[in-house]
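Respectively, the protein sequence lines represent chains X and H. Under my numbering, read the first sequence as residues 1 to 180, first letter to last. Under my numbering, read the second sequence as residues 181 to 457, first letter to last. For every residue, glycine included, the Cβ atom is placed at its ideal position computed from N, Cα and C. As the structure is a computational prediction, the values presented were derived from the model and not from experiment.
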Amino acid sequence: MEYKRIRLPLSNEDILGLRAGEAVLLSGELYTARDAAHKRLFAMLQGAQGAGLPQGWPLSAPCAIYYAGPCPAAPGEVIGPCGPTTSARMDVYTPAILSAGATALIGKGPRSPAVLAALRGRAVYFAVTGGAGMLIASSIKKVEMAAFPELGTEAIRRFIIEDMPAIVACDSAGGNLYAR
Amino acid sequence: MRIIQSEAIVSAVRDACIEACCCLPADVTCALEKARDQETGHARAVLEQLLENAALSATAMRPCCQDTGMAVVFADIGQEVHFKGDFNAAVNEGVSAGYHEGYLRKSVVSALSRENTGDNTPAILHIRLVPGDSLELTIAPKGFGSENMSRVYMLTPAQGKAGVLDAVVETALCAGACACPPGVVGVGIGGTMEAAALLAKRQLLRPLGRPSAEPELAEMEAEALERINQSNIGPMGLSGKTTALAVHMAQMPTHIAGLPVAVNMQCHACRHASRRL
């Protein structure tokens, strides 16, 4: 398997150039957010007055979002096992999150037609291997709390990663690896 | 009569929770190796990652998957056993201790408020009274990527065997990539709604790929597995020959009016550990 090295957040060239089926090694900055954090982010966006991002918006824009909730770190670990959760549960929130500046989404499994449409021209969805929690954790080099610490494993954390193996699952031109 | 102390139950449950989350059983890694040898491309790369992950996890005694599940506890209690202390409380104390001391993820929340219970309790406890004076505990941490994709069908008698097979295949195909394939498909046929569901879950504990002792069911298992693997969903939904490692079926008598079928999806991390007291 040949891997392309990719930086997060994605460059415009990568957003438009990556194609479904390409194997990549992801490095750079990402934020974790899963069910509970998405619900809160979505409520913030809905409650926002006027243009621009809501006050207190915890993500940079553009940014990469990883659907994951880690195990607690054992002594000596940067983080516990931290593989992806099922992306489809986030579908209902994803078009809004993309509008707020996410340009890369990372998770596992297929996305809804609405998400595929919202990716067009502006973002890429990567799949990482579900259940490979230890292997993926070994690519996470730095962790800090970014928002909602009271959500525990579902809090938003900022990671610095190096060479996380992933596959371009849905690209910005409508390519979809899960299409049958 | 034999007395079993609460403390013994607490430590057995604690240790089994940690072992189950960190050590993928050998029958599962063997099945993943066999699957890897048949695959190419992304499917092969995924299976190689899972095997490397399982080795890392067992060496470090850390969970192979961050979803360390709800703790499903099967307790076969010898009817000559007497418990000193509260048995249910001891099981939950063991789960709490295992998830804290093992740095496992606490994934249990109250259903509607979504507030985390903080220690992964309550356990889902299934008790059976059996002859004898010992206690057999099996802990099966159940992740919800796969649990979410499980189904119960209340078929009619007219739908028969063909209906059962269609239900099993339909569930596995609809689960697709979300259930973290290739895993195990547990099937409970007959009984009542909840009995079929529990029977299906118990099939996930069977040695992987050992056919049912009933020839009719063994044949149905093979047919369902073949149909599921012809789907080309493949490891993690990235196409390939292996969508399921095994289909395990069991049946029990049911009502003249019905044919319940429960299909419990299990991801590739088919985890369980047992202790005998």
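query: In or out: X:Lys141 buried (at least 16 other Cβ within 10 Å) or exposed?; result: exposed
query: If contact means a Cβ-Cβ distance below 9 Å, which residues of the segment 140 to 166 of chain X contact chain H?; result: Leu151, Gly152, Thr153, Glu154 and Pro165
query: Would you call the segment 167 to 175 of chain X and the segment 11 to 29 of chain X in contact, with 3 or more CB pairs under 8 Å?; result: yes
query: Give the range of the beta strand (DSSP E) segment to which H:Met329 is assigned.; result: Unbroken run through H:Met329: none, as it is neither H nor E.
query: If we count the other Cβ atoms within 10 Å of its Cβ and call it buried at 16 or more, is H:Asp247 buried or exposed?; result: buried
query: Specify the secondary structure class of H:Asp217 as computed by DSSP and reduced to three states.; result: helix
query: Determine, using beta carbons only, whether H:Gln410 comes closer than 9 Å to chain X.; result: no
query: Give the DSSP bridge partners of H:Pro321, in chain order.; result: H:Ala251
query: How do the segment 60 to 76 of chain X and the segment 25 to 39 of chain X stand: do at least 3 beta-carbon pairs fall below 8 Å, yes or no?; result: yes
query: Taking only beta-carbon atoms, is X:Met134 less than 9 Å away from chain H?; result: yes
query: Could you name the residues that DSSP lists as bridge partners for H:Asn409?; result: Partner(s): none; H:Asn409 has no beta bridge.
query: Using a C-beta to C-beta distance shorter than 8 Å, which residues of chain H count as neighbours of X:Lys4?; result: Those do not exist, as X:Lys4 stays about 14 Å from chain H at its closest Cβ, beyond 8 Å.
query: Scan the segment 352 to 385 of chain H and note each continuous beta strand (DSSP E) run of 3 residues or more that stays entirely inside, going in chain order.; result: 363 to 371
query: How is the beta strand (DSSP E) around H:Ser454 delimited, first residue to last?; result: Ala453 to Arg456
query: For X:Arg7, which three-state DSSP category applies?; result: strand
query: Within 9 Å of any Cβ in chain B, is that where the Cβ of H:Val253 sits?; result: Checking the listed chains, one finds no chain B in this structure; the protein chains it contains are X and H.
query: In this structure, how does DSSP classify H:His280 when only helix, strand and coil are distinguished?; result: helix
query: Is X:Arg40 close to chain H, meaning its C-beta is less than 9 Å from at least one C-beta of that chain?; result: no
query: Would DSSP call H:Lys132 helix, strand or coil?; result: Residue 132 of chain H lies beyond the stretch modelled for chain H, which goes from 181 to 457, so this question has no answer here.
query: Assign H:Asp256 to one of three DSSP states: helix, strand, or coil.; result: strand
query: Any beta-carbon of chain H closer than 9 Å to the one on X:Ala37?; result: no
query: Counting only the same chain and skipping the five closest in sequence on each side, list residues whose C-beta sits under 6 Å from that of H:Phe263.; result: Ile184
query: Taking Cβ positions only, does H:Leu230 come closer than 9 Å to chain X?; result: yes
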